[in-house]
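So the sequence shown is residues 6 to 363, counted in my numbering. Ideal Cβ placement from N, Cα and C applies to all residues, glycine included.
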Amino acid sequence: MCALFPIGIYAVKISTIPLHNIKILNAYNTSAIKRVIHLRILDETVTKQTLNYMNPIAALLLFWFGLFTASAQIAEDITALETPALDETSGLLFYNDTLITHTDSGGKAQLYDINPTTGAITRTVEIANAINVDWEDIAQDASYIYIGDIGNNSGDRTDLKIYKIAKADYNTTDDAVTAEIIAFSYADQIDFTRQPNQTNWDAEGLISYGDKLLVFTKNWADNCTNVYAIPKTSGTHSAVLESSYPINGLITGADTSPDERVIYLVGYSTSEAPFLYTIHNIPEHSLDVFSGELSEKIADIVTLGHQVEGIALSEITPTAHRLYLSNEKFNTSLGPIKIKVPAKLMGIDIDTQTLTDH
Numbered sequence: 006m007c008a009l010f011p012i013g014i015y016a017v018k019i020s021t022i023p024l025h026n027i028k029i030l031n032a033y034n035t036s037a038i039k040r041v042i043h044l045r046i047l048d049e050t051v052t053k054q055t056l057n058y059m060n061p062i063a064a065l066l067l068f069w070f071g072l073f074t075a076s077a078q079i080a081e082d083i084t085a086l087e088t089p090a091l092d093e094t095s096g097l098l099f100y101n102d103t104l105i106t107h108t109d110s111g112g113k114a115q116l117y118d119i120n121p122t123t124g125a126i127t128r129t130v131e132i133a134n135a136i137n138v139d140w141e142d143i144a145q146d147a148s149y150i151y152i153g154d155i156g157n158n159s160g161d162r163t164d165l166k167i168y169k170i171a172k173a174d175y176n177t178t179d180d181a182v183t184a185e186i187i188a189f190s191y192a193d194q195i196d197f198t199r200q201p202n203q204t205n206w207d208a209e210g211l212i213s214y215g216d217k218l219l220v221f222t223k224n225w226a227d228n229c230t231n232v233y234a235i236p237k238t239s240g241t242h243s244a245v246l247e248s249s250y251p252i253n254g255l256i257t258g259a260d261t262s263p264d265e266r267v268i269y270l271v272g273y274s275t276s277e278a279p280f281l282y283t284i285h286n287i288p289e290h291s292l293d294v295f296s297g298e299l300s301e302k303i304a305d306i307v308t309l310g311h312q313v314e315g316i317a318l319s320e321i322t323p324t325a326h327r328l329y330l331s332n333e334k335f336n337t338s339l340g341p342i343k344i345k346v347p348a349k350l351m352g353i354d355i356d357t358q359t360l361t362d363h
C-alpha cells in the first residue's frame with residue numbers, strides 16, 4: 006500500500022538590503038536534508054500554489070522589488086511556444102528529429118510537429134476518428150505512436166482510451182490519419198463518484214514498455230503514483246496494477262530510453278518546483294518498475310512558476326540523453342499583480358551513467 010509522505014513547506018526569510026540576499030528556504034523530507042535555494046532577481050515568477058505557502062508580506066515584497074527564479078534551475082529555456090494552438094501543450098514526443106505535441110482537455114484531436122529549436126509548428130495532423138476528451142501524454146515504440154486520453158481529474162470517467170497510430174501512416178504527407186482504439190478501465194476501480202482533484206484515478210504519464218503500455222497515475226489523494234499495464238492491441242481491456250511508489254507529488258509526464266533501461270518521470274508538488282526522477286536497473290521483463298532503482302530526486306528542474314507537462318527523450322548516445330520539457334501557458338494574479346508564464350520549451354542534458362552509478 007502506498008502511504009502518504011509529508012509534503013515539504015516553504016518559509017520565506019527576508020534578509021537585509023540589498024535584495025539579492027533574499028532567500029527562500031525549501032525544507033522538505035528527503036533524506037532528512039534541508040536545502041537552501043538562493044534566489045536572484047530575474048524576469049520570472051512563482052505559482053499560485055507556492056505563494057499560498059509564503060508569508061503574504063514577504064511574497065508582496067518579492068514582487069514589489071522584482072520577480073525571481075531559483076538559481077538551482079538546471080533546465081535551459083529553448084523557446085517560448087508563441088502559437089496560441091500550443092498554449093495548452095501537454096504530451097511531448099521526439100520522433101524523426103522533430104518534436105510532436107498535443108493539447109489537453111477539450112483541445113483539437115490533432116498532433117503538432119514542432120521544430121525543436123524554434124518551437125514553430127511545421128505540420129498539423131488530424132486524428133480523424135478521435136476525440137480529445139483529455140489527452141495527457143504521448144508515447145511510441147518502433148512501429149506505433151500512442152496518444153493517452155487518460156486525464157481523469159474527477160475520477161469518474163468511463164471512456165478512457167489510448168489512440169494507436171501506425172508510424173507508416175504518420176510518415177506520409179497526409180494531414181489526417183485514422184487510429185486504432187485501445188479502450189480501458191482500471192481493474193481495481195469500483196467507485197466512480199465525481200471527486201475533482203481528490204481522486205487517485207487521474208493520470209498524465211504514458212510509456213511503451215515491452216509489449217505493454219504503462220500508465221503512471223497522478224494521485225491527488227495520496228501523492229503516490231500507481232503503474233498500470235495495458236495490452237497494445239485494439240479492443241477493450243482492464244488495466245492491471247503492477248507497481249506503486251510514494252512519489253510525494255503529482256506525476257505529469259513520463260518517457261523511456263529507446264532500450265527501455267531508464268524511465269524518466271516528471272512532476273510537481275504544491276510546495277516544490279517541478280522535479281525529475283529516473284528508474285533504472287529494473288529486473289528484466291518485470292512490470293513492477295519500482296522494483297528497480299529510483300534515482301535521487303532531481304529537484305527544481307525548472308523555475309518556480311512552471312508546471313512541466315511534457316517530457317521527450319532524444320538519445321545522443323546510449324548513456325547521454327537530451328530531455329525536452331514543455332509547460333503550458335499559465336496566468337494568475339496576486340492582488341493587483343498579474344502573473345504570466347508563457348507556454349515554453351526547455352531542455353536538459355542528462356548523463357545516465359552518472360545517475361546509475363550512485
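What does the alpha-carbon distance come out to for the pair Thr-198 and Asn-205? Approximately 12 Å between the Cα atoms of the pair.
Measure the Cβ-Cβ separation of Ile-268 and Thr-230 and say whether it is below 7 Å.
The answer is no: Cβ separation not under 7 Å.
Taking 7 Å as the limit between beta carbons, can you name the residues of its chain near Asp-293, skipping five residues before and five after?
Within the same chain, Asp-293 has close Cβ partners Glu-247 and Ser-248.
| query | Ile-195 to Asp-227, Cα distance in whole Å? | reply | Ile-195 and Asp-227: Cα-Cα distance of roughly 18 Å.
With a CB to CB cut of under 8 Å and the five nearest residues on each side skipped, what residues in its chain are close to Ala-181?
Once the five neighbours on either side are set aside, the close Cβ partners of Ala-181 are Val-130, Glu-131, Ile-132 and Ala-133.
For Leu-91, list the residues DSSP reports as bridge partners.
Beta-bridge partners assigned by DSSP to Leu-91: none are found.
Which complete beta strand (DSSP E) runs does the stretch 166 to 245 hold, if anything under 3 residues is left out? Counting only runs of at least 3 residues, the stretch 166 to 245 fully encloses the following beta strand (DSSP E) elements, listed from N- to C-terminal order: 166 to 171, 185 to 191, 208 to 214, 217 to 222 and 230 to 236.
Check your understanding: Once you ignore the five residues that flank Glu-320 on each side, which residues in its own chain have a CB closer than 7 Å to its CB?
Key -> Here the set comprises Ser-262, Pro-263 and His-326.
For this session: Run the CB neighbour count on His-107, radius 10 Å, all protein chains shown included, and call it buried at 16 or more, exposed below.
Result: So His-107 ends up on the buried side.
Bounding residues of the beta strand (DSSP E) (the contiguous stretch that carries Val-271): Its beta strand (DSSP E) spans residues 267 to 274.
Are the Cβ atoms of Ala-348 and Glu-333 separated by less than 7 Å?
A contact, by the Cβ cut-off of 7 Å.
query = By DSSP, does Gln-358 sit in helix, in strand, or in coil?
reply = Looking at Gln-358 - three-state DSSP - the assignment turns out to be helix.
Margin query: Tell me which residues share the same chain as Val-307 and place their Cβ nearer than 8 Å to its Cβ, disregarding the 5 neighbours each side in the sequence.
Written below: Excluding sequence neighbours, Val-307 sits near Gln-78, Ala-80, Ala-278, Pro-279, Val-313, Leu-330, Asn-332 and Met-351.
Pick from Val-346, Ile-136 and His-285: whose alpha carbon is nearest that of Asn-336? Among Val-346, Ile-136 and His-285, the Cα nearest to that of Asn-336 belongs to Val-346.
* Proximal residues to Ala-114 (C-beta, below 7 Å), its chain only, five neighbours per side dropped -> Correct list, in chain order: Glu-131, Ile-132, Ala-135, Ile-136 and Asn-137.
message: If we require 3 or more residues per run, which beta strand (DSSP E) segments fall completely within the stretch 121 to 166?
response: Complete beta strand (DSSP E) runs here, min 3: 126 to 132, 142 to 145 and 149 to 154.
Notebook entry, point to check: From what residue to what residue does the beta strand (DSSP E) around Phe-335 run?
Noted result: For Phe-335, the uninterrupted beta strand (DSSP E) run begins and ends at 335 to 339, by DSSP.
Beta-carbon proximity of Asp-207 to Asn-157, cut-off 7 Å
Yes, the pair counts as a contact, with Cβ atoms nearer than the cut-off.
Practice item. Would you identify the three-state DSSP class for Ser-249, choosing helix, strand or coil? Key: It is a strand residue.
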